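Trainee: Dropping a structure here in structure tokens format, bear with me for questions.
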Ligand SMILES: Nc1ncnc2c1ncn2[C@@H]1O[C@H](COP(=O)(O)OP(=O)(O)OP(=O)(O)O)[C@@H](O)[C@H]1O
Ligand SMILES: [Mg+2]
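Residue numbers (the numbering used here), protein chains in the order written: chain L, 1054 to 1499; chain Z, 2 to 301.
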């Protein structure tokens, strides 16, 4: 055990000194997560009209009308105006998720964000459907999320970052020509995605403009103050049944699982390369002539890869939490993270058998990563892909990994439902481990 | 059972595909002695060492280390330290981190590990650079560290594969001093090189290899006696030697080959003022190699 820990510690130390590997492990997933998160903020909303709300307009001003119009323009919402009593009844029968009271004199301060004592919008919600009600508030408060988003929607920043990375790849001394070409291509692809983000953002802005074109005060509502209350008042505590519907509460829910996978794949490729590097740099010779067994050498590498994979997941989840991602089940998320890490440690070991040079393994490893990512939904969500690709995706470990993470973040799976994805991940990991061990042994006993 | 031989190898064969690297090599190294394995590039020296440490499995033949034949077992591995010909270091780590890691592989830990790492840093004269990454070291410093890594766990048998390749005279001297310390401590050393002066200077016994085979082995004087051939006497003079003298005169230099050059000169009762310069070239390992193979050892 000491030998395994010794090797794992050494490998993590080496990783911490390798700026390129660190970027693929930590920087790239963040970049992808934020980019895609922004894309989904505008396109990845729930089914059109799936969230029913009622609006009680006590103000009856031009401003309150504009607010209702804006809410109606949001395709995720199904908006009806009515009186308070009816709205309460609808909530009880679960016809709607929440109600919005636009109080009298709301129009006077609406849109004036410097107003000293703004009249708050009051949101009444069904406590048992907290998630959807929270989403409703989110829609009302879109401005908050946009503050962060705007920074990234200014794609010049992103482009600059990508350019810099491309340059440092070109100048890197540790990368081979083949890997340089491959990585440059990857970055070019990301730049195209940035173009897509620009386009989607532009469309969203156009839509927003169209929706508010007849009332230029619309933007002001985004800054409205919101107060929420229990729409059941204090009259009951009956319907405590948990909601097991999948609930996507933000674009981060969608973008983070898939971008975590980029870090995970980076970790697998990086450690596969480092295993081959031990051979090409001669250090394997020392490992092999020491009393440490080949299995321990592999387990040490595997442990380092496992730890760094968990590190990626941990970092992304923390970042997600800061941005507003709320995993439904932290416990299952941990379980999924462990299963994903195990699977990709196995994949790493099999990858290391793909060649005998760093270039060979690096090139083949990333090529396989790309294919797994494409069919597994790490480049584009599965739902957007043609049916034949969705069928093929069952073959990609990336699909099962993303599914496991999503299951715990927003799909609301039970432990039982996670059995299949976890079992698939563990099976793939075990096969990879066996392949890696077989070839490692074969390479030793020439 | 006591063993007088630290290493004995019998009839080793090893081929890579259809290229024969070692063909029927037998070798014995008495405990506490230093064996020089001398041979030109491609002779099979590295292949031989790698078989001795269990890195390569011989196609046939037997090896025993001490009184054990299980050369790949952890027990035997702990007895051996190897400084490979190709530097085996993590360039991105510091000398200290490299040593700590390699020491850990041999089960060293705690204060014992700290003590051995300090010893090795001293040995390699790298104490002041201990926290610098290996990639910032000179070739000689890397060689010295590569050597020190082999000694961390206090092995009984040390295999040094061309430990002086690409180092300046100062580092080379340092490495020689290190080897002397090992010899004084009673370690058994196998030292491969294609520099005959090194073998002549450091080794108790020398084994000469060529094309996968052992041509001869013995102490340096024995080998020279057996295969060195005659010494050459060179007398520089403006006037020819007396006509009854043996040897050849080319107008400037008189040459005579002899097994016993001093006696030969004495018998001629020559007049010292006869020569402007008198030289006696004695055979060395280079001549031994030349006589054994018909080729020069160095491939310049
Ligand atoms: N991994 C290998 N694959 C194929 N052939 C090899 C391999 N290693 C060595 N050889 C061949 O085996 C023969 C012996 O090589 P070896 O490295 O043992 O020689 P050496 O005496 O150590 O030479 P040098 O002084 O150059 O280090 C050479 O012909 C070499 O080309
Ligand atoms: Mg060699």
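From the three backbone atoms N, C-alpha and C, an ideal C-beta is built for every residue, glycine too.
As the structure is a prediction and not an experimental result, all values here were calculated from the model.
Of the residues that make up the stretch 225 to 244 of chain Z, which ones have a beta carbon closer than 7 Å to any beta carbon in chain L?
Mentor: Listed by position, the residues of the stretch 225 to 244 of chain Z near chain L (Cβ gap below 7 Å) amount to none.
Trainee: Is it right to say residue 272(Z) is buried, meaning 16 or more other beta carbons lie within 10 angstroms of its own, or is it exposed?
Mentor: Exposed is the call here.
Trainee: Cα separation between residue 154(Z) and residue 1406(L)?
Mentor: Distance between the alpha carbons of residue 154(Z) and residue 1406(L) is about 32 Å.
Trainee: Using only alpha-carbon positions, find the residue among 19(Z), 20(Z) and 13(Z) that is nearest to residue 55(Z).
Mentor: Residue 13(Z) is the option with its Cα nearest to residue 55(Z).
Trainee: Can you tell me whether residue 15(Z) is helix, strand or coil according to DSSP?
Mentor: Strand at residue 15(Z).
Trainee: Mind pulling the beta strand (DSSP E) runs of 3 or more residues that sit fully within the stretch 1329 to 1403 of chain L?
Mentor: DSSP runs (the beta strand (DSSP E)) wholly in the stretch 1329 to 1403 of chain L: none.
Trainee: Just to confirm before moving on: does the CB-CB distance between residue 1313(L) and residue 1360(L) stay below 8 Å?
Mentor: No; because the gap between Cβ atoms is not below 8 Å, this pair is not in contact.
Trainee: Less than 8 Å between CB atoms is the rule here; does residue 18(Z) satisfy it with respect to chain L?
Mentor: It does not; no Cβ of chain L falls within 8 Å.
Trainee: Which word fits residue 245(Z), buried or exposed, when buried means at least 16 other C-beta atoms lie within 10 angstroms of its C-beta?
Mentor: Counting Cβ neighbours within 10 Å, residue 245(Z) comes out exposed, since fewer than 16 surround it.
Trainee: Near residue 1403(L), which residues of its chain fall below 6 Å by C-beta distance, leaving aside the five closest residues on each side in sequence?
Mentor: Here the set comprises 1485, 1488 and 1489.
Trainee: Assuming residue 1343(L) contacts residue 69(Z) (C-beta within less than 8 Å), just tell me the rounded distance between them.
Mentor: The pair is not a contact, with the Cβ atoms about 17 Å apart (cut-off 8 Å).
Trainee: Quick check: is the beta carbon of residue 127(Z) nearer than 8 Å to any beta carbon in chain L?
Mentor: It does not; no Cβ of chain L falls within 8 Å.
Trainee: What's the gap between the Cα of residue 111(Z) and the Cα of residue 1428(L)?
Mentor: Distance between the alpha carbons of residue 111(Z) and residue 1428(L): 49 Å.
Trainee: Just how far apart, CA to CA, sit residue 295(Z) and residue 261(Z)?
Mentor: Roughly 23 Å separates the two Cα atoms.
Trainee: Could you tell me which whole alpha helix (DSSP H) segments of length 4 or greater appear in the stretch 170 to 195 of chain Z?
Mentor: Fully enclosed alpha helix (DSSP H) runs of 4 or longer: 170 to 185.
Trainee: So residue 1057(L) is in the alpha helix (DSSP H); what residue range does that whole segment cover?
Mentor: Run containing residue 1057(L): 1055 to 1069, per the alpha helix (DSSP H) assignment.
Trainee: When the Cβ atoms of the stretch 1467 to 1484 of chain L are set against those of the stretch 1325 to 1334 of chain L, are three or more pairs found closer than 8 Å?
Mentor: No, the stretch 1467 to 1484 of chain L is not in contact with the stretch 1325 to 1334 of chain L.
Trainee: So the candidates are 83(Z), 255(Z), 27(Z) and 94(Z); which of them puts its Cα closest to the Cα of residue 275(Z)?
Mentor: That would be 255(Z), whose Cα lies nearest to the Cα of residue 275(Z).
Trainee: Leaving out the 5 sequence neighbours to the left and right, which residues in its chain are closer than 6 Å to residue 258(Z) when beta-carbon positions are compared?
Mentor: The residues are 231 and 233.
Trainee: If contacts are defined as beta-carbon pairs under 8 Å, then residue 998(L) and residue 1425(L) qualify, I think. What distance do you get, rounded to the angstrom?
Mentor: Nothing can be reported for residue 998(L): it is not among the residues displayed for chain L, which extend from 1054 to 1499.
Trainee: In angstroms with no decimal places, state the Cα-to-Cα distance between residue 1124(L) and residue 1130(L).
Mentor: Rounded to the nearest angstrom, the two C-alpha atoms are 7 Å apart.
Trainee: With a cut-off of 8 Å, does the C-beta of residue 144(Z) fall near any C-beta of chain L?
Mentor: Not one chain L Cβ lies under 8 Å of residue 144(Z).
Trainee: Got a sec? Which residues, its chain only, sit under 8 Å from residue 162(Z) by beta carbon, not counting five neighbours each side?
Mentor: For residue 162(Z), where only same-chain residues beyond five positions count, the Cβ hits under 8 Å are 46, 47, 50, 83, 84, 85, 86 and 193.
Trainee: Measuring only the C-alpha atoms, how far is residue 1310(L) from residue 103(Z)?
Mentor: One C-alpha to the other measures close to 38 Å.
Trainee: Consult DSSP for residue 82(Z) and reduce its assignment to one of helix, strand or coil.
Mentor: Of the three classes helix, strand and coil, the one that applies to residue 82(Z) here is strand, per DSSP.
Trainee: Around the Cβ of residue 143(Z), are there at least 16 other Cβ atoms within 10 angstroms (buried) or fewer (exposed)?
Mentor: Classification of residue 143(Z): buried, given that the 10 Å Cβ count is 16 or more.
Trainee: For the stretch 82 to 103 of chain Z, list every residue whose C-beta sits within 8 Å of some C-beta in chain L, in sequence order.
Mentor: Per Cβ criterion, the list reads 83, 85, 87, 88, 89, 90, 91, 92, 93, 94, 98, 102 and 103.
Trainee: Regarding residue 20(Z) and ligand 1, is the C-beta to nearest heavy atom distance less than 7 Å?
Mentor: Residue 20(Z): yes, Cβ under 7 Å from ligand 1.
Trainee: Can you look up residue 1173(L) in the DSSP assignment and give me helix, strand or coil?
Mentor: Three-state DSSP puts residue 1173(L) in coil, outside helix and strand.
Trainee: Quick one: which chain L residues come within Cβ less than 7 Å of residue 22(Z)?
Mentor: None at all; the shortest Cβ gap to chain L is about 11 Å.
Trainee: Can you tell me which of the three DSSP states residue 218(Z) falls into?
Mentor: Residue 218(Z): strand per DSSP, three-state reduction.
Trainee: Mind reading off the beta-carbon distance from residue 1430(L) to residue 1452(L)? Whole number of angstroms is fine, and I expect it under 8 Å.
Mentor: Right, the Cβ-Cβ distance comes to about 6 Å (below 8 Å), so this counts as a contact.
Trainee: Considering only the alpha carbon of each residue, which of 1480(L), 1091(L), 1448(L) and 1420(L) lies closest to residue 1239(L)?
Mentor: Looking at the Cα atoms, 1420(L) is the closest of the given residues.
Trainee: Could you check which residue in 7(Z), 281(Z), 145(Z) and 123(Z) has the C-alpha nearest to that of residue 174(Z)?
Mentor: The shortest C-alpha separation from residue 174(Z) is found at 145(Z).
Trainee: Less than 7 Å separating the Cβ of residue 46(Z) from some heavy atom of ligand 1?
Mentor: Yes, the beta carbon of residue 46(Z) sits closer than 7 Å to at least one heavy atom of ligand 1.
Trainee: With DSSP as the reference, identify every bridge partner of residue 235(Z), one or two as the case may be.
Mentor: Residue 235(Z) is bridged to 256(Z) and 280(Z).
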